[in-house]
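Peer 1:
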Amino acid sequence: MSEKVLITAALLYANGTIHFGHIAGAYLPADIYARHQRLKGNDVLYISGSDEYGVAITMSAEVAGRTPREHVDHFHAINKALFEKL
């Protein structure tokens with residue numbers, strides 16, 4: 005009988021693009037574990053998200069000439085596309 009397995013990864017801070025440290029540190033290990041659980045026949049839900057709040061986002065948005073919402077949406081779209089290529 006298969007088990008239900010929930011796997012989460014750290015929230016990506018949405019003020020820049022992902023880099024190798026993000027992948028190697030948080031997302032690759034969780035992805036490997038999720039794939040392992042699926043190979044065992046388990047029902048796996050692997051979720052993550054992004055942290056879209058904080059002074060760093062407000063400050064980097066101001067430098068970029070965007071509102072914080074536009075800034076977060078900009079990097080969310082880039083990061084989502086990068087994750088889909090993995």
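In our numbering, the protein residues as written are 5 to 90.
For each residue, glycine too, the CB sits at the ideal point set by N, CA and C.
Only a predicted model underlies this, so the values are computations on that prediction, with no experimental measurement involved.
Would you kindly report the start and end of the unbroken beta strand (DSSP E) that includes L49?
Peer 2: Segment D47 to I51, the beta strand (DSSP E) holding L49.
Peer 1: Please classify T62: does DSSP put it in a helix, a strand, or coil?
Peer 2: In the structure shown, T62 sits in a helix (DSSP, three-state: H, G or I).
Peer 1: Is L86 helix, strand or coil by DSSP?
Peer 2: Looking at L86 - three-state DSSP - the assignment turns out to be helix.
Peer 1: With the cut-off set at 8 Å, would you say L16 and H26 are in Cβ contact?
Peer 2: Yes, they are a contact pair.
Peer 1: How is the beta strand (DSSP E) around I22 delimited, first residue to last?
Peer 2: Counting along the chain, I22 falls outside any beta strand (DSSP E), and DSSP gives it neither H nor E.
Peer 1: Of all the options E66, E74, A60 and A81, which has the alpha carbon lying nearest to the alpha carbon of G53?
Peer 2: Per the Cα distances, A81.
Peer 1: Where does L15 sit, in a helix, a strand or coil, going by DSSP?
Peer 2: It is coil, neither helix nor strand.
Peer 1: Where does the unbroken alpha helix (DSSP H) through R39 begin, and where does it stop?
Peer 2: Taken as a continuous stretch (DSSP letters only), the alpha helix (DSSP H) holding R39 covers L32 to L43.
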